Every structure is written in C-alpha cells, then in structure tokens.
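Here is the structure we will look at.
Residue numbers (the numbering used here), protein chains in the order written: chain Z, 1 to 429; chain D, 430 to 585.
Here it is as structure tokens:
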C-alpha cells in the first residue's frame with residue numbers, strides 16, 4: 001500500500017499562521033485538514049469586565065484589514081441590548097465606512113494576493129513586472145477605500161470614531177466631497193478589474209454549498225438583515241444558536257462552525273451574491289451578465305469575480321451615500337445602558353461576523369462571543385481541498401500544493417481573526 | 430521625500446514620526462516629509478514622483494538603543510529577511526521591490542534603521558532612543574541634502 005503525505009508548511013498570502021495536511025491512500029484523498037496553529041488570542045475573555053463603550057475599540061484590534069466589521073458587530077450588539085436604533089444619516093455613514101472596508105480589503109485580495117495564483121506568479125511583486133498598470137490601478141482603488149476609513153474613522157487602520165449610538169465625530173459634507181472625486185476616479189478600475197479577472201482560466205469545480213448571508217429587504221447587506229441560507233434557514237440573528245454550532249477540532253486553534261443539521265456552510269462574497277443578487281444595483285447585475293456570471297456562482301475559484309463585482313457595488317454605494325449626505329445635528333444618539341443580551345451580525349468582507357454580548361445594568365460586558373467568518377468557512381475550505389486534491393492525486397506534489405494553496409486563498413482567509421496559516425502536508429498510502 | 434515610519438503609541442516604534450517632527454520647518458525646498466503608519470501599499474503610487482527617498486524606521490533591538498544602521502536600498506533588495514508572515518501588510522522591503530517592479534521606485538533610497546529597545550503599547554520613546562532623535566534628524570537631513578546635491582547641515 002502506497003502512502004503519500006503532502007505538506008505545505010507555511011501558507012503565503014493569507015493572514016495568520018496555518019498549514020495543510022493531505023493524506024492520499026490508494027489514489028484517494030482520505031483526509032484534508034486545514035491546521036490552524038496561530039495561538040488563540042482570547043479576545044472574548046478580555047472583553048469581560050470592560051465597558052460597552054470600550055468594546056468597539058478593543059474588537060477593532062482583532063483585524064487590521066476588517067476592523068469595521070468587528071466594530072459594527074459590537075456597536076449593533078450594544079444597541080440591540082440597550083434598545084437603541086441608529087437611523088438616518090448616522091446609519092448611512094455606517095454603510096459608507098463599510099464600503100471603504102470592502103473596497104480596500106477586496107482590492108488587496110483580488111489583485112495583490114489572489115490574481116497571482118491564476119497567472120502563475122509567486123506574488124504580486126513578480127506579477128507587477130508584467131501587469132503593472134493593473135497593479136497601479138488596484139493600489140489607487142485600495143487607497144480610495146482606505147481614505148473613506150481615514151475620513152470617517154479618523155485613521156486608516158483601526159479607526160477610532162465608531163461608538164455605540166453612532167460616531168464620536170461625523171464629517172462635514174465638504175470633507176466627503178474629495179472622497180467622491182477619488183471614488184469616481186477609480187470606478188472604471190472596478191469595472192476593468194472585473195473584466196480582467198473574469199478572463200482568467202478557472203479550474204472546474206462546482207460545490208453544492210449551503211450559502212449563508214444576511215438578507216435585508218431593501219439593500220445588499222452590510223449591517224442588518226435576517227440570517228438566511230439557500231437551504232431553508234431564515235432566522236433572526238439572535239437565533240443563531242438554534243441553527244449553528246461551534247465545534248472544537250484538535251487540528252485547529254479556531255473553532256469550526258457548522259449548521260447543526262447539515263454541517264459545513266459557506267459565508268462571504270459568493271454567499272452574499274447568491275442570496276442577494278436581486279438587491280444589487282442594475283449596473284452591477286449587468287456587469288455580472290457581461291462577464292458571464294449568473295446570479296449564483298458555485299465555483300470557489302470564481303469568488304475573485306464576485307469580489308470584483310462587490311468592489312464596484314461598494315464604490316457605487318459609497319458615491320450614492322455621499323451624494324445624499326447631510327451632516328446630522330448629533331454625531332450619536334444617546335446611549336443608556338441596561339442589563340441584557342445583545343446581538344450583532346454584519347457582513348465583513350469575508351462573510352458574516354456574529355457577536356453576542358451580555359451586559360450588566362451599567363453596560364459592563366459579562367460575557368462575549370464573536371464568530372468570525374474564517375472560522376465559519378473552515379469546514380467548507382477542507383471540503384473544497386478534498387474535492388480539488390481528489391481530482392489530481394496522480395499529479396506531482398508540487399502541482400497539488402499549488403492548487404491547494406490557491407483553493408485556500410479563494411476564501412481570503414483571515415486566520416488571525418479566526419484564531420482567535422500554511423504548511424501543506426500530503427500523506428500518500 | 431523623508432518618510433517617518435511608525436506608531437507613536439508603540440514605544441520606540443515611534444522614532445520615525447519623532448524624527449519627522451524634529452525636521453518640521455528644516456527641510457530644504459524640494460523636499461517634503463511624510464509620516465506613515467506602515468501601510469506602504471498606499472504610498473507606492475506616490476513614489477512615482479519621488480526622486481530620492483529617505484526612510485526613518487525603527488528596527489529590532491540589538492543591544493544599542495538609538496544606534497542607526499544606514500542601508501542603501503537604491504539597488505537590489507534591502508538586506509532584510511522577507512518573511513510573508515502577514516499577507517495584509519507589505520513591509521518596506523516588499524514595498525520597494527513592488528515599486529521597482531512597477532518601474533516607479535525612487536531613484537535613490539536610503540533607510541535609516543534605528544535600533545529600538547521597548548515597543549510596549551501606549552509607551553513613548555525609551556530614554557536612549559529619545560536622546561538619539563536629534564542626532565538622527567541631523568543624519569536624515571544630511572541624507573536629504575546629499576540627495577539634493579547640497580552641502581551637509583552645519584549642525585551635523
């Protein structure tokens with residue numbers, strides 16, 4: 001009996017530390033494990049005893065790329081617990097800052113981290129020598145996203161203006177005007193980028209995912225909505241535990257999330273897109289059609305196209321919000337804490353990020369749970385890896401490694417967030 | 430351009446911004462100063478217009494806090510390990526390599542790497558690094574003057 005082990009000891013172009021073990025026995029992939037060995041970060045534990053007001057700035061530190069996702073989850077949960085509703089322009093500003101995060105995060109991943117996989121380059125530095133114009137434009141796109149964070153959040157990384165009830169400070173109309181100019185200048189880039197990535201060669205792989213995303217009655221989702229799936233889930237975010245559970249796995253410092261009844265599920269751009277295609281503006285829908293992408297995409301390698309479409313959506317949505325902006329009289333609505341449990345769930349670039357906090361009467365955190373997107377996607381990543389490797393067991397280890405790393409990067413995984421990556425080990429027998 | 434890299438709330442990591450602070454009003458015509466938190470990707474497109482770049486950044490503790498290591502990164506990669514530990518932030522060597530790959534790296538690049546001692550959250554500069562800031566500012570200014578083909582500063 002021939003046993004073969006293929007190991008990727010440290011995965012590049014993902015955030016955090018992880019590895020991959022593949023076991024191949026008698027020509028079959030018997031095991032595909034994404035080993036996350038980044039040390040646990042204990043955020044939930046050290047939130048206990050802190051004031052609700054401190055939470056947004058603490059959880060922002062979970063991720064340098066998607067701090068808004070964590071801040072938004074935290075403020076919505078606090079507001080949910082305290083019976084507060086943030087509406088009007090303050091709500092619009094929250095969507096705007098989220099647009100900034102999607103633009104910078106997706107822009108970074110699509111061009112700098114993921115595109116090199118499809119073009120046979122080791123990294124963006126190599127790719128830039130032959131695709132310099134795309135890289136330059138992508139850098140401008142990313143910068144436009146970061147600029148939204150800087151203007152609304154006070155700084156690009158770990159913004160400091162988000163608070164329960166709204167913002168510490170809201171911008172003037174004049175402060176947003178240059179953002180609009182910058183966004184208009186990069187809008188064509190988003191369209192070109194979508195065409196560019198849609199022209200890549202994609203491996204054949206269609207997976208029968210259970211997509212899970214927020215769904216809002218009027219909007220492509222950022223901060224609000226019900227949790228829905230294409231296989232029948234339609235629940236309030238507070239009912240997360242009724243359908244989902246987290247499981248400890250020996251090979252990962254990040255918990256694996258699963259649908260209790262069915263197991264693995266998928267969150268992120270492909271899930272949002274499939275479950276909310278009808279909420280995308282006609283311009284984005286038309287571009288999807290132009291590049292040959294239907295309203296549902298089940299090929300994980302094509303997630304790069306969906307991300308590009310979401311960049312265009314975020315640019316257009318940001319422009320719409322800025323055009324309609326009137327500075328609110330108050331930067332935040334008053335917040336009066338009370339004892340209770342609050343839930344927040346928002347669409348981080350990588351998928352839903354679910355929060356639950358228990359507060360005492362003064363608003364002190366008694367208990368906190370945060371379920372980031374990458375930990376939810378781990379079982380789907382492993383299922384994809386098994387499918388991908390199964391189709392190429394006879395190929396050289398290097399070829400398998402390359403394709404498996406690409407498969408993992410389809411998810412833009414943020415391992416630092418989820419451990420709260422990659423060695424590839426292939427065992428053949 | 431003089432680029433001061435670092436976070437003023439992380440102890441000696443703030444030496445780059447501190448040096449830029451000292452240089453305020455002292456840079457000759459044709460030179461400008463900029464502070465960066467370290468997200469170099471957002472700076473690369475601006476470098477297309479930059480002829481000479483002087484970077485002041487904190488470096489790992491090697492036993493002599495405040496000591497400056499001058500690295501000429503004009504040609505070839507910087508002699509620093511390139512570890513793809515995080516995909517989310519390109520370090521300075523990666524940024525220079527990418528700018529070079531894009532054909533828009535500054536013609537001359539000098540890095541003044543300052544040995545740090547303490548990088549604690551919320552801390553200011555450690556005493557030895559703080560004491561070295563004035564001298565590092567003079568060194569940075571001299572680099573700028575040299576790039577511009579001017580005489581070294583009198584207080585060097």
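By construction, the Cβ of each residue, glycine as well, lies at the ideal position given by its N, Cα and C atoms.
Keep in mind it's a predicted model, so treat the numbers as computed, not measured.
Listing by chain order, which chain D residues have their CB less than 7 Å from the CB of residue i?
i, result
"residue 128(Z)", "527, 530, 531"
"residue 135(Z)", "531"
"residue 401(Z)", "Correct list: empty, because the minimum Cβ distance to chain D is about 15 Å."
"residue 124(Z)", "527"
"residue 184(Z)", "None at all; the shortest Cβ gap to chain D is about 17 Å."
Which of the three DSSP states, helix, strand or coil, is assigned to residue i?
i, result
"residue 70(Z)", "helix"
"residue 447(D)", "helix"
"residue 571(D)", "helix"
"residue 550(D)", "coil"
"residue 32(Z)", "strand"
"residue 580(D)", "coil"
"residue 187(Z)", "helix"
"residue 509(D)", "The predicted model places residue 509(D) with a pLDDT of 47, which falls under 50 and marks its position as unreliable, so this point remains unresolved."
"residue 501(D)", "strand"
"residue 344(Z)", "strand"
"residue 544(D)", "strand"
"residue 555(D)", "coil"
"residue 6(Z)", "strand"
"residue 427(Z)", "strand"
"residue 75(Z)", "helix"
"residue 266(Z)", "strand"
"residue 539(D)", "strand"
Using 7 Å as the limit for Cβ to Cβ distance, is residue i near chain Z?
i, result
"residue 577(D)", "no"
"residue 471(D)", "yes"
"residue 439(D)", "no"
"residue 443(D)", "no"
"residue 511(D)", "Confidence at residue 511(D) is low in this model, with a pLDDT of 47, below 50, so the placement of that residue should be treated as unreliable; the coordinate-derived value is given next. It does not; no Cβ of chain Z falls within 7 Å."
At 8 Å on the CB atoms, spell out the chain Z contacts of residue i, in chain order.
i, result
"residue 466(D)", "155, 156, 157"
"residue 523(D)", "125"
Ends of the beta strand (DSSP E) at residue i?
i, result
"residue 586(D)", "Since the displayed chain D opens at 430 and closes at 585, residue 586(D) lies outside it and no answer follows."
"residue 21(Z)", "18-25"
"residue 367(Z)", "365-371"
"residue 465(D)", "462-465"
"residue 444(Z)", "As shown, chain Z starts at 1 and ends at 429. That puts residue 444(Z) outside it, with no answer to give."
"residue 434(D)", "431-434"
Give the residues of chain D in contact with residue i, contact being defined as C-beta atoms less than 9 Å apart.
i, result
"residue 140(Z)", "474"
"residue 7(Z)", "Neighbours of residue 7(Z) on chain D: none; closest Cβ ~17 Å, over 9 Å."
"residue 260(Z)", "Result: empty, since nearest Cβ-Cβ is about 32 Å, beyond 9 Å."
For chain D, check one thing: does any of its Cβ atoms lie closer than 7 Å to the Cβ of residue i?
i, result
"residue 132(Z)", "yes"
"residue 302(Z)", "no"
"residue 386(Z)", "no"
"residue 143(Z)", "yes"
"residue 411(Z)", "no"
Considering just the uninterrupted stretch of the alpha helix (DSSP H) at residue i, what are its terminal residues?
i, result
"residue 354(Z)", "Per DSSP, residue 354(Z) belongs to no alpha helix (DSSP H); it is in the beta strand (DSSP E), 351-359."
"residue 273(Z)", "269-276"
"residue 402(Z)", "397-409"
"residue 44(Z)", "43-47"
"residue 98(Z)", "88-107"
"residue 521(D)", "521-530"
"residue 296(Z)", "Unbroken run through residue 296(Z): none, as it is neither H nor E."
"residue 287(Z)", "282-290"
"residue 58(Z)", "55-59"
Name, please, each residue of chain D whose Cβ falls closer than 8 Å to the Cβ of residue i.
i, result
"residue 146(Z)", "468, 471"
Report the residue ranges of all beta strand (DSSP E) runs contained in full by the segment 196-264 of chain Z; include only those spanning at least 3 residues, in chain order.
Counting only runs of 3+ residues, the beta strand (DSSP E) found wholly inside the segment 196-264 of chain Z occupies 212-215, 226-229, 244-247, 256-259, in chain order.
Entirely enclosed alpha helix (DSSP H) segments - the segment 115-173 of chain Z, minimum 4 residues:
Segments of the alpha helix (DSSP H) lying fully in the segment 115-173 of chain Z: 115-119, 124-128, 132-153.
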